[in-house]
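Just so you know, the protein sequences line up as chains A and B, in that order. Under our numbering, think of the first position of the first sequence as 1, with each following residue one higher. Under our numbering, think of the first position of the second sequence as 1, with each following residue one higher. Reviewing the structure listed below.
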Amino acid sequence: MRRIRVIPALLVEKGRLVKTLKFGARTYVGDPVNTVKILNDKQVDELLMLDIGATRYGSKPDMKMITEIASECFMPLAYGGGITELDQAKRIFAVGVEKVVVNAALFHHPKLIGEIATIYGAQAVVVSIDAKKGMFGGYSTVTHGGAKKTPMNPVQAAKRAVELGAGEIMISNVDHDAVMKGYDIDLIRAVADAVPVPVIAAGGAGSTADFVAAVTEGHASAVAAGALFVFRGPHRAVLVNYPNRAVLKAEVFGKV
Amino acid sequence: MNVIVDYKCGNPASICNMLKKIGFQSVISDDPEVIRKADRIIFPGVGSFDFGAGSVRKSGIADAMEHKVFKERTPILGICVGLQLMCRTGEEGVLPGLGWIEADCVKFDNSRLGPEDKVPHMGWAEVTAKNDAGLLSGFEEEPSFYFVHSYHVRTDGDDIVAATAHHGYDFTAGIVKGNIAGVQFHPEKSHQFGMTFLGNFMRWNPAAQ
Numbered sequence: 001m002r003r004i005r006v007i008p009a010l011l012v013e014k015g016r017l018v019k020t021l022k023f024g025a026r027t028y029v030g031d032p033v034n035t036v037k038i039l040n041d042k043q044v045d046e047l048l049m050l051d052i053g054a055t056r057y058g059s060k061p062d063m064k065m066i067t068e069i070a071s072e073c074f075m076p077l078a079y080g081g082g083i084t085e086l087d088q089a090k091r092i093f094a095v096g097v098e099k100v101v102v103n104a105a106l107f108h109h110p111k112l113i114g115e116i117a118t119i120y121g122a123q124a125v126v127v128s129i130d131a132k133k134g135m136f137g138g139y140s141t142v143t144h145g146g147a148k149k150t151p152m153n154p155v156q157a158a159k160r161a162v163e164l165g166a167g168e169i170m171i172s173n174v175d176h177d178a179v180m181k182g183y184d185i186d187l188i189r190a191v192a193d194a195v196p197v198p199v200i201a202a203g204g205a206g207s208t209a210d211f212v213a214a215v216t217e218g219h220a221s222a223v224a225a226g227a228l229f230v231f232r233g234p235h236r237a238v239l240v241n242y243p244n245r246a247v248l249k250a251e252v253f254g255k256v
Numbered sequence: 001m002n003v004i005v006d007y008k009c010g011n012p013a014s015i016c017n018m019l020k021k022i023g024f025q026s027v028i029s030d031d032p033e034v035i036r037k038a039d040r041i042i043f044p045g046v047g048s049f050d051f052g053a054g055s056v057r058k059s060g061i062a063d064a065m066e067h068k069v070f071k072e073r074t075p076i077l078g079i080c081v082g083l084q085l086m087c088r089t090g091e092e093g094v095l096p097g098l099g100w101i102e103a104d105c106v107k108f109d110n111s112r113l114g115p116e117d118k119v120p121h122m123g124w125a126e127v128t129a130k131n132d133a134g135l136l137s138g139f140e141e142e143p144s145f146y147f148v149h150s151y152h153v154r155t156d157g158d159d160i161v162a163a164t165a166h167h168g169y170d171f172t173a174g175i176v177k178g179n180i181a182g183v184q185f186h187p188e189k190s191h192q193f194g195m196t197f198l199g200n201f202m203r204w205n206p207a208a209q
């Protein structure tokens, strides 16, 4: 039995909780603070909150929302979105957030990763890498919600992130986002095998069996899911949910 | 007064939040004079050993804590890097630790880790109580706590080991020495297990043991 982390990933845009499909179409999920309260009551392992609008619209982290969310979280909380300066990260840590997540900063503010790690430790910096598969099978790393292509492939990006000081990598395939047919296992394994730090698999989980595959076949250390924890049923009715400990033990921890 | 020591190297707000949730008021302070008035001290910490060791010394916080811990026998709880700083040395840096416990802070031994045991060790792990002075009791089920660390404490002897956890091998997850307690995990981020544990610490009377 291995106690892997099962992490709900919540997306915020302009103060509203949404769920994207392939980083595109949005479904409104609810109020961020209320949703965090529900997930806190369900005793989730850890929580990831990403402001997907911040970089795209050039806005700064919403400190009021982050402060409110942090005070409801009696589990580890990671926040990402729009972080470009050390001072922003400092304010985020000061209100009770454990980790910051950077994505575009890997390319536009690479020094920031080391600056945060020097003060708060490598474990406090997660670099999230979004990948897209090209027509000829190779992967490229994208930023700005998939809108901008970078010159690095995901394995190069992950290695670079670790060199810069990242203590954890999150990897997702944009085209698997919310499809709920499983993670891109090949992509996850390529990244997980290339770096010594923990890798969080993201993008595409539709069942607890997908978590198991991400770990046993993809070599991930943790799994994140969005749609699975905010939708229920074939019509994707919004219902915030999270498996209880007994289910996780039987369906995930006991199988990895 | 319950004081959470703020030496710009940790997450005091999370601890304050959880203490409030379980009915204890606390103040977050970097003022040695406030620390000198504490009835109970929580010494948190995340991040790098050297940054913490430097910060805690130059601010006069270390002197104030040492007075409390050794002269007044005030109960103190080190959390994560707070625990690590209680050691003599830290492998992570060049600065010495506070040297309150007969232990050193060492990096996870790669030669004893399996391929799936990544460093930092990050996640939930079950904790086994040893000489815990009652601090790890009263749980409704086998307690798990949240860990995030690349280094762990290695004690000279087993007598001060309060708890162990497993990541590749069994490591020291908690210590108790008189009025000094320390844990490698983050109770403030461990849901009801953390609340039970912090409640135990807040009611702990080491002088009675």
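Ideal Cβ positions, reconstructed from N, Cα and C, are used throughout, including at glycine.
Hey, how far is the Cα of residue i from the Cα of residue j?
i: B:Gly178; j: B:Gly99; result: 15 Å
i: B:Phe265; j: B:Lys107; result: Absent from the model: residue 265 of chain B. The displayed extent of chain B is 1 to 209, so no value can be given.
i: B:Phe139; j: A:His108; result: 47 Å
i: B:Gly54; j: B:Val3; result: 20 Å
i: B:Glu142; j: B:Glu126; result: 7 Å
i: A:Ala78; j: A:Asp51; result: 11 Å
i: A:Arg189; j: A:Tyr183; result: 11 Å
i: B:Phe197; j: A:Gly24; result: 44 Å
i: A:Ile169; j: B:Leu135; result: 35 Å
i: A:Leu17; j: B:Lys189; result: 23 Å
i: A:Gly254; j: A:Met1; result: 5 Å
i: A:Ile113; j: A:Ser128; result: 12 Å
i: A:Gly134; j: A:Ser140; result: 7 Å
i: B:Ala208; j: A:Leu11; result: 50 Å
i: B:Thr172; j: B:Gly114; result: 18 Å
i: B:Phe201; j: B:Val69; result: 15 Å
Please classify residue i as buried or exposed, where buried requires at least 16 neighbouring CB atoms within 10 angstroms.
i: B:Tyr151; result: buried
i: B:His149; result: buried
i: B:Tyr169; result: exposed
i: A:Val230; result: buried
i: B:Gly45; result: buried
i: B:Tyr7; result: buried
Quick check: is the beta carbon of residue i nearer than 8 Å to any beta carbon in chain B?
i: A:Asp184; result: no
i: A:Gly80; result: no
i: A:Pro243; result: no
i: A:Thr118; result: yes
i: A:Ile4; result: yes
i: A:Glu85; result: no
i: A:Glu168; result: yes
i: A:Ser128; result: no
Pull up the CB-CB distance for residue i and residue j, whole angstroms please, since I reckon it's below 8 Å.
i: A:Val6; j: A:Val212; result: Not quite, the Cβ-Cβ distance comes to about 11 Å (not below 8 Å), so this is no contact.
i: B:Ile41; j: B:Val81; result: Not confirmed; about 15 Å, so no contact.
i: B:Ser59; j: B:Gly93; result: Between B:Gly93 and B:Ser59 the Cβ distance is about 17 Å, and since that is not below 8 Å, they are no contact.
i: A:Gly167; j: A:Ala124; result: 7 Å
Determine the chain A residues that contact residue i at a beta-carbon separation under 9 Å, and present them in chain order.
i: B:Asn17; result: Ala70, Ser71, Glu72, Cys73, Phe74, Gly96
i: B:Val106; result: Those do not exist, as B:Val106 stays about 16 Å from chain A at its closest Cβ, beyond 9 Å.
i: B:Phe51; result: Thr118, Ile119, Tyr120, Gly121
i: B:Lys68; result: What B:Lys68 touches in chain A: nothing, since even the nearest Cβ is about 25 Å away.
Output yes if chain A places a C-beta closer than 8 Å to the C-beta of residue i; else output no.
i: B:Val94; result: no
i: B:Tyr146; result: yes
i: B:Ala125; result: yes
i: B:Phe139; result: no
i: B:Pro120; result: yes
i: B:His191; result: yes
i: B:Ser26; result: no
i: B:Ser59; result: no
Listing by chain order, which chain A residues have their CB less than 8 Å from the CB of residue i?
i: B:Gly47; result: Ile119, Tyr120, Gly121, Ala124
i: B:Gly194; result: Phe74
Using a Cβ cut-off of 7 Å, pull out every chain B residue sitting near residue i, in sequence order please.
i: A:Phe93; result: Asn11
Please compile the residues from chain B whose C-beta is within a distance smaller than 9 Å of the C-beta of residue i.
i: A:Val162; result: Simply none; closest approach about 11 Å.
i: A:Pro198; result: Lys118, Val119, Pro120, His121, Met122, Gly123
i: A:Ser140; result: Within chain B, no residue comes near A:Ser140; the closest Cβ sits about 26 Å away, beyond 9 Å.
Quick one: list the residues of chain B neighbouring residue i, beta-carbon separation under 8 Å, in chain order.
i: A:Gln43; result: His191, Gln192
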